[in-house]
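Q:
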Amino acid sequence: MRVLGIETSCDETAVAIVDDGRTVLAHALASQVEDHRPYGGVVPEIAARSHLDRLDGLVVKALSSANLKLSDLDGIAATAGPGLIGGVIVGVMTAKALASVHQKPFLAVNHLEGHALTVRLTNDVPFPYLLLLASGGHCQFLLANGVGNYTRLGTTLDDAAGECFDKVAKMLGLGFPGGPAVEAAARGGDSKKFPLPRPLRGRQGCDLSFSGLKTAVRHCIEALPPGPLTKQDAGDISAALQMAIVESIVERAENALVMAAAAKPNAFVAAGGVAANSSLRNALAALSEHNGLPFVVPPLELCTDNAVMIAWAGVERLQLGLTDSLGFKPRPRWPLDQAVGVAA
Ligand code: KG4
Ligand code: ZN
Numbered sequence: 005m006r007v008l009g010i011e012t013s014c015d016e017t018a019v020a021i022v023d024d025g026r027t028v029l030a031h032a033l034a035s036q037v038e039d040h041r042p043y044g045g046v047v048p049e050i051a052a053r054s055h056l057d058r059l060d061g062l063v064v065k066a067l068s069s070a071n072l073k074l075s076d077l078d079g080i081a082a083t084a085g086p087g088l089i090g091g092v093i094v095g096v097m098t099a100k101a102l103a104s105v106h107q108k109p110f111l112a113v114n115h116l117e118g119h120a121l122t123v124r125l126t127n128d129v130p131f132p133y134l135l136l137l138a139s140g141g142h143c144q145f146l147l148a149n150g151v152g153n154y155t156r157l158g159t160t161l162d163d164a165a166g167e168c169f170d171k172v173a174k175m176l177g178l179g180f181p182g183g184p185a186v187e188a189a190a191r192g193g194d195s196k197k198f199p200l201p202r203p204l205r206g207r208q209g210c211d212l213s214f215s216g217l218k219t220a221v222r223h224c225i226e227a228l229p230p231g232p233l234t235k236q237d238a239g240d241i242s243a244a245l246q247m248a249i250v251e252s253i254v255e256r257a258e259n260a261l262v263m264a265a266a267a268k269p270n271a272f273v274a275a276g277g278v279a280a281n282s283s284l285r286n287a288l289a290a291l292s293e294h295n296g297l298p299f300v301v302p303p304l305e306l307c308t309d310n311a312v313m314i315a316w317a318g319v320e321r322l323q324l325g326l327t328d329s330l331g332f333k334p335r336p337r338w339p340l341d342q343a344v345g346v347a348a
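In this note's numbering, the protein residues as written are 5 to 348.
Right, here's the structure in full:
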């Protein structure tokens, strides 16, 4: 069974072909980072136009690199939400057109489920597992019970962790995208020089909060002598921010592990762009080991947005007969615990 997947929900245009033997047959990806860099963030209108310009070419490229024709495929999957709606519409309309012309099943994939299921492609992790999903727009702990079956244990009360990295990077003049820039700047920094809070520390449950950190960083910057930030200050603030985010997530994860225990999870999984952060990966691996659970995180290139995860979610859904009608409407918002489907 081979599925072609399309990802266009943010600033990566990507097409992949994956089979049910867990082989990635093709992955063609065009990043729009350069298109958005002058604006310091993703501009939805530019993103949608850029997806439109590049998507057809990437479909052709993916098919030719896998040496396949559209008729060799068993299904066409696309991110159908959540995300920037202009881009999502471009991907969904393309997938529907291919599915309709070639008489193939269409699969409307929740982008968050793409992130959630990646470790089943890369590491064959069985359900159930505890999942930290940390990206630019989301930060939540979930129990992954089965395909289309998720229980949310806790979520951010305000900003996502990735958003906090991105906004602070902008304040520090580190550019876009912010997470990798803060991680790089933090390497030369002293994490103790600027004390930052640990939001929600000691509170019950595993909700998270990051907007206070952003404000605390602004106060640190305002307290510095006037003039441009020095490289050392930017490095020190980056190191302090990274440590505050990592320690907050770890402290909240301790509670999430307790909350998940009754479900007997097989692993603790981290996914989404922020899971590419090596300090976070190391800290969560240590916590998980301490709790006797294997810690699983996808390889770096499959943490950030990609189409392999969409094609794989398509494979998993097609195997269960969870296909969608061509009338499926793209959804700008689509909480994962409302996804329809069946338990494993
Ligand atoms: O999953 P993703 O690629 O796109 C969304 O679905 O949002 O996540 C993007 C987010 C951005 O906020 C980016 O700054 C963050 O992930 N990110 C990182 C790192 N790499 C990407 N945050 C911290 N450290 C990183 N190395
Ligand atoms: Zn994502």
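For glycine and all other residues, C-beta sits at the position ideal for the given N, C-alpha and C.
In or out: Q107 buried (at least 16 other Cβ within 10 Å) or exposed?
A: Mapped onto the sequence shown, residue 107 falls at position 103. Exposed, because fewer than 16 other Cβ atoms sit within 10 Å of the Cβ of Q107.
Q: Which of the three DSSP states, helix, strand or coil, is assigned to S13?
A: Taking the sequence shown and counting its residues from 1, one reaches residue 13 at position 9. In the structure shown, S13 sits in coil (DSSP, three-state: anything other than H, G, I, E or B).
Q: Give the DSSP-derived three-state secondary structure of H31 in the structure shown.
A: Counting from 1 along the sequence shown, the entry for residue 31 is found at position 27. Of the three classes helix, strand and coil, the one that applies to H31 here is strand, per DSSP.
Q: Do the CB positions of V113 and A317 come within less than 8 Å of each other?
A: Stepping through the sequence shown from its first residue, residue 113 is reached at position 109. Stepping through the sequence shown from its first residue, residue 317 is reached at position 313. Taking 8 Å as the Cβ cut-off, V113 and A317 qualify as a contacting pair.
Q: What's the C-alpha gap between G4 and P199?
A: Any answer about residue 4 is impossible in this case: the structure gives the chain only from 5 up to 348.
Q: Does the beta-carbon distance from G183 to V278 come in below 8 Å?
A: Against the sequence shown, residue 183 aligns to sequence position 179. Against the sequence shown, residue 278 aligns to sequence position 274. Cβ atoms of G183 and V278: closer than 8 Å.
Q: What residue does the beta strand (DSSP E) around R156 start on, and which one ends it?
A: The residue labelled residue 156 in the question sits at position 152 within the sequence shown. 153 to 159 is the extent of the beta strand (DSSP E) around R156.
Q: I'd like to confirm the pairing. Which residues does DSSP put opposite G79 in its beta bridges?
A: As a first step, residue 79 must be located in the sequence shown, where it is residue number 75. DSSP, once it has assigned bridges, lists V7 as partnering G79.
Q: Report the option in D23, A148, T160, P229 whose CA atom is closest to the CA atom of P130.
A: Along the sequence shown, one-based indexing puts residue 130 at 126. Answer by Cα proximity: A148.
Q: The alpha helix (DSSP H) spanning N310 covers which residue range?
A: Working through the sequence shown from its first residue, we reach residue 310 at position 306. No alpha helix (DSSP H) holds N310; DSSP gives it neither H nor E.
Q: Go to V113, then tell me how far its beta strand (DSSP E) extends in each direction, as first and last residue.
A: Here residue 113 refers to the residue found at position 109 of the sequence shown. Start and end: 110 to 114.
Q: Going by C-alpha distance, which of R207, A243, D211 is nearest V172?
A: Counting from 1 along the sequence shown, the entry for residue 172 is found at position 168. The shortest C-alpha separation from V172 is found at A243.
Q: Could you give the first and the last residue of the continuous alpha helix (DSSP H) run that contains N149?
A: Here residue 149 refers to the residue found at position 145 of the sequence shown. Careful: N149 lies outside any alpha helix (DSSP H), inside the beta strand (DSSP E) at 143 to 150.
Q: Within 10 Å of its beta-carbon, does E38 have 16 or more other beta-carbons around it, so buried, or fewer, so exposed?
A: Working through the sequence shown from its first residue, we reach residue 38 at position 34. E38 is exposed by the Cβ-count criterion.
Q: Hey, P48 and G90 are a contact pair by Cβ (cut 8 Å); roughly how many whole angstroms apart?
A: Stepping through the sequence shown from its first residue, residue 48 is reached at position 44. Stepping through the sequence shown from its first residue, residue 90 is reached at position 86. With 8 Å as the limit, P48 and G90 qualify as a contact, their Cβ atoms being about 6 Å apart.
Q: Between P298 and A271, which are expected to be in contact by the criterion C-beta below 8 Å, what is the C-beta distance as a whole number of angstroms?
A: As a working note, residue 298 is residue 294 in the sequence shown. As a working note, residue 271 is residue 267 in the sequence shown. Their Cβ separation, rounded to whole angstroms, is 5 Å, which keeps P298 and A271 in contact under 8 Å.
Q: Are Q36 and S54 close, meaning C-beta to C-beta below 8 Å?
A: The residue given as residue 36 occupies position 32 in the sequence shown. The residue given as residue 54 occupies position 50 in the sequence shown. In this structure, S54 lies closer than 8 Å to Q36 by Cβ.
Q: Please classify F169: does DSSP put it in a helix, a strand, or coil?
A: Start at 1 with the first residue of the sequence shown, and residue 169 comes out as number 165. Helix, per DSSP.
Q: Considering only their Cβ atoms, is the gap separating L161 from Y154 smaller than 8 Å?
A: For the purposes of this step, residue 154 is identified with residue 150 of the sequence shown, where counting begins at 1. For the purposes of this step, residue 161 is identified with residue 157 of the sequence shown, where counting begins at 1. The answer is no: Cβ separation not under 8 Å.
Q: To which residues of the same chain is G345 closer than 8 Å at the C-beta, ignoring the five residues directly before and after it?
A: Within the sequence shown, numbered from 1, the residue matching residue 345 stands at position 341. In this prediction, G345 scores a pLDDT of 45, lower than 50, which makes its location untrustworthy; the coordinate-derived value is nonetheless stated afterwards. Correct list, in chain order: G150, V151, G152, N153, R321, L324, L326.
Q: Could you pull the DSSP bridge partners for D60 from this structure?
A: Within the sequence shown, the letter at position 56 stands for residue 60. Looking at the DSSP assignment, D60 forms no beta bridge with any residue, so it has no partner.
Q: Is DSSP giving A267 helix, strand or coil here?
A: Residue numbering aside, residue 267 sits at position 263 when the sequence shown is read from its first letter. It is helical.
Q: Determine, using beta-carbon pairs with one atom in the segment 327 to 336 and one in the segment 71 to 89, whether at least three such pairs fall under 8 Å.
A: A contact exists between the segment 327 to 336 and the segment 71 to 89.
Q: Assuming E255 contacts R205 under a Cβ cut-off of 8 Å, what Cβ separation, rounded to an integer in Å, is found between them?
A: Here residue 255 refers to the residue found at position 251 when the sequence shown is read from its first residue. Here residue 205 refers to the residue found at position 201 when the sequence shown is read from its first residue. Rounded, the Cβ-Cβ distance is 6 Å, consistent with contact.
Q: Is the Cβ of G44 closer than 8 Å to any Cβ of chain C?
A: Although the question refers to chain C, the structure presented lacks it and comprises just one protein chain.
Q: Could you check how far apart the C-beta atoms of V300 and R285 are, in whole angstroms? I think they sit under 8 Å.
A: On the sequence shown, residue 300 is found 296 positions in, with the first residue counted as 1. On the sequence shown, residue 285 is found 281 positions in, with the first residue counted as 1. Between R285 and V300 the Cβ distance is about 11 Å, and since that is not below 8 Å, they are no contact.
Q: Taking just the CA atoms, how far does A81 sit from A101?
A: In the sequence shown, the residue the question calls residue 101 occupies position 97. In the sequence shown, the residue the question calls residue 81 occupies position 77. Whole-angstrom Cα-Cα distance: 11 Å.
Q: Can you tell me where the alpha helix (DSSP H) holding A185 begins and where it ends?
A: Position 181 of the sequence shown, counting from 1, holds the residue named residue 185. A185 -> alpha helix (DSSP H) spans 182 to 190.
Q: Determine the DSSP secondary structure at L178, reduced to helix, strand or coil.
A: Mapped onto the sequence shown, residue 178 falls at position 174. The answer is coil: DSSP assigns L178 none of H, G, I, E or B.
Q: Return the Cβ separation of V312 and V22 in integer angstroms, given the expectation that the two are a contact with Cβ distance under 8 Å.
A: Residue 312 sits at position 308 when you count from the first residue of the sequence shown. Residue 22 sits at position 18 when you count from the first residue of the sequence shown. With a Cβ gap of about 6 Å, V312 and V22 count as contacting.
Q: Keeping to the same chain, check which residues put their C-beta closer than 6 Å to that of G192; ignore five residues upstream and five downstream.
A: Within the sequence shown, the letter at position 188 stands for residue 192. Correct list, in chain order: G239.
Q: Is the Cβ-Cβ distance between L134 and T98 less than 8 Å?
A: Residue mapping note: residue 134 aligns to position 130 of the sequence shown, counting from 1. Residue mapping note: residue 98 aligns to position 94 of the sequence shown, counting from 1. No, Cβ-Cβ distance for L134 and T98 is not below 8 Å.
Q: Suppose you measure from the CA of P269 to the CA of I225; what does that come to, to the nearest Å?
A: On the sequence shown, position 265 is the one that residue 269 refers to. On the sequence shown, position 221 is the one that residue 225 refers to. Roughly 42 Å separates the two Cα atoms.
Q: Between the Cα of A248 and those of L136, E117, P201, S282, spot the shortest distance and give me the residue it belongs to.
A: Here residue 248 refers to the residue found at position 244 of the sequence shown. The shortest C-alpha separation from A248 is found at P201.
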